[in-house]
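Down below is the structure, laid out as structure tokens.
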Amino acid sequence: MKNYLLYLSENYSFKILRPLQAEIRKRGDQAKWFVEGSNVNLDYFKEDEALLTSVEEVNAYNPVAVFFPGNLAPGFIPGLKISLFHGFIGGKQRQKDGENYFYIIRDCFDMYCTHGPSSTTHFKTLAQKHKYFDVVETGFCTMDPYYNPNLRDGFIELEKKDDKPIVLFSSTFSPRVTQAPRLLKTIEALSKNSPWRWWVTFHPKMAQETVDAYKAIQHDNLTFIETDNLIPYMEQADIMLADFSSMITDFILLNKPVVTFRNPDGLEHLINVDDEDKIEGAITQALTKPSDLMAKIAKFSKETHPYTDGKSSERVINAVEHKLQNPSKVKKPFNIIRNLKLRKKMSYWKF
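In terms of the working numbering, the sequence shown opens at residue 249 and continues consecutively.
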């Protein structure tokens, strides 16, 4: 029996790691969890999920591999370090050199599990340059429950109140690009005067004053959602309104249109508007699912995440097992500065 570790630092990581946990258990292996920092709501853990509470416990558990839906991995815990990513490729770029944050190599991982051709191609090039990590296209674990009913245990069942189409508004937390504060009054007005039902959800790092402002305008036709599992809401919503939210791609992959407000990427599979007064018309248009728009969505999905078999987690574990049997001959860089910062964060100084 192999020991695997599921490593998380944000609540959104549950939806990425739980399908992987199910696959590990299916094989008769063991999965335990470790939480970094204080951003995770521990109440989200289920009774049958084992949580390790210290680096000492992790070392004693001695996992063969550790899965990360994030950018950094401590080199002072055992096991292969596997990057799953915390979302699909976005458009955010590092200011100093214009590099997309999705592709920044931080010398932490032994393997990157990419989601589709659009991410795999560039990571393969990076692997040839850096030599010490592997790249395997597996698909994204978080998408498995959409296609595999066996992974939906414990999911809430949403009842539709009426036949109104549902608009799901999602916004990023970044102060530089979030449009949530600006759209507060617009969404409040639309939710009261339009024929649509509204759901609102934000990135966990959204400014608390913005969260409180949207909670304050809730009424029978507008609900603020806080959960560790948005999948039932994503499935039931008809349209997404967003700015630069990382949830845009997840929603698009469900073959549903997204209206964006002031999104700088100019992507053809999105309906983007720059004026609040045009939002209502854009949503009305999106609800008709124009054939040209849906064709562009289909093309984007094929490039980004072509897997609809619900087996991305299976491919991840297969890739890890192959890596365990065929270890790299090139060692990762020591990564001294990042590891010292993580040691300080975790108050762990044993060497």
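Just so you know, even glycine gets a beta-carbon here, dropped at the ideal spot from N, CA and C. As the structure is a prediction and not an experimental result, all values here were calculated from the model.
Opposite H378 in the DSSP bridges: which residues?
DSSP lists no partner for H378.
For V314, list the residues DSSP reports as bridge partners.
In the DSSP output, where bridge partners are listed per residue, V314 has L253, K329.
Apart from the five residues on each side of it in sequence, which residues of its chain come closer than 7 Å, Cβ to Cβ, to V425?
The answer, listed in chain order, is D491, F492.
On the DSSP letters alone, give me the boundaries of the beta strand (DSSP E) that Y395 sits inside.
No beta strand (DSSP E) holds Y395; the alpha helix (DSSP H) holding it covers 392 to 395.
By the 10 Å Cβ neighbour count, where 16 or more other Cβ atoms means buried, how is R354 classified, buried or exposed?
So R354 ends up on the exposed side.
Out of N310, F324, K294, which one is the CA nearest neighbour of I584?
I584 has its Cα closest to that of F324, out of N310, F324, K294.
Could you tell me which residues DSSP pairs with Y360 in its beta bridges?
According to DSSP, Y360 bridges with S331, V383.
So, under 8 Å CB-CB, G364 and H553 are touching, yes? Tell me the CB distance rounded to an integer number of Å.
G364 to H553, Cβ: 5 Å. Contact.
So for N511, helix, strand or coil by DSSP?
Here N511 sits in coil by DSSP.
Between the beta-carbon of L432 and the beta-carbon of F509, is there less than 8 Å?
Cβ distance not < 8 Å, so L432 and F509 don't count as in contact.
Please state if the CB of M454 and the CB of F417 are separated by a distance shorter than 8 Å.
Contact flag unset, no.
Within 10 angstroms of the Cβ of K550, are there 16 or more other Cβ atoms? Answer buried if so, exposed if not.
That one is exposed.
Helix, strand or coil, according to DSSP, for A485 in the structure here?
Coil, per DSSP.
Comparing alpha-carbon positions, which option in N396, R400, T301, W447 lies nearest D468?
Here the closest residue by C-alpha is W447.
What are the boundary residues of the beta strand (DSSP E) that A279 is part of?
278 to 283 is the span of the beta strand (DSSP E), which, as asked, contains A279.
To the nearest angstrom, how far is it from the Cα of H517 to the Cα of V506?
If you take the alpha carbons of H517 and V506, they lie about 8 Å apart.
In this structure, how does DSSP classify N520 when only helix, strand and coil are distinguished?
Note: N520 maps to strand in three-state DSSP.
Can you tell me whether D345 is buried or exposed? The criterion is at least 16 other CB atoms within 10 Å of its CB, across all chains shown.
So D345 counts as exposed.
Could you give the residue range of the beta strand (DSSP E) that holds I414?
Looking at the DSSP string, the run of the beta strand (DSSP E) that includes I414 is 414 to 419.
If you draw a straight line from the C-alpha of K311 to the C-alpha of Q278, how long is it?
Strictly speaking, residue 311 in this sequence is Pro, with Lys absent from that position. Cα to Cα, the separation comes out at about 9 Å.
Return the Cβ separation of A313 and Y252 in integer angstroms, given the expectation that the two are a contact with Cβ distance under 8 Å.
Right, the Cβ-Cβ distance comes to about 6 Å (below 8 Å), so this counts as a contact.
Would you tell me roughly how many angstroms separate the C-alpha atoms of L374 and N319, rounded to the nearest one?
Computed Cα separation, rounded: 16 Å.
Is it buried or exposed, W597, if we count other Cβ atoms within 10 angstroms and call 16 or more buried?
Under this definition W597 is an exposed residue.
Could you name the residues of the same chain whose beta carbon sits closer than 6 Å to that of A534, not counting the 5 residues immediately before and after it, in chain order?
Answer for A534: I487, P505, V507, I519, listed in chain order.
Measure from the alpha carbon of A428 to the alpha carbon of each residue in F450, I473, E271, M249, then state which is nearest.
Comparing Cα-Cα distances from A428 to each of F450, I473, E271, M249, the minimum goes to F450.
If you draw a straight line from the C-alpha of G276 to the C-alpha of E457, how long is it?
C-alpha separation (whole angstroms): 46 Å.
May I ask you to report which of helix, strand or coil DSSP gives L300?
Strand.
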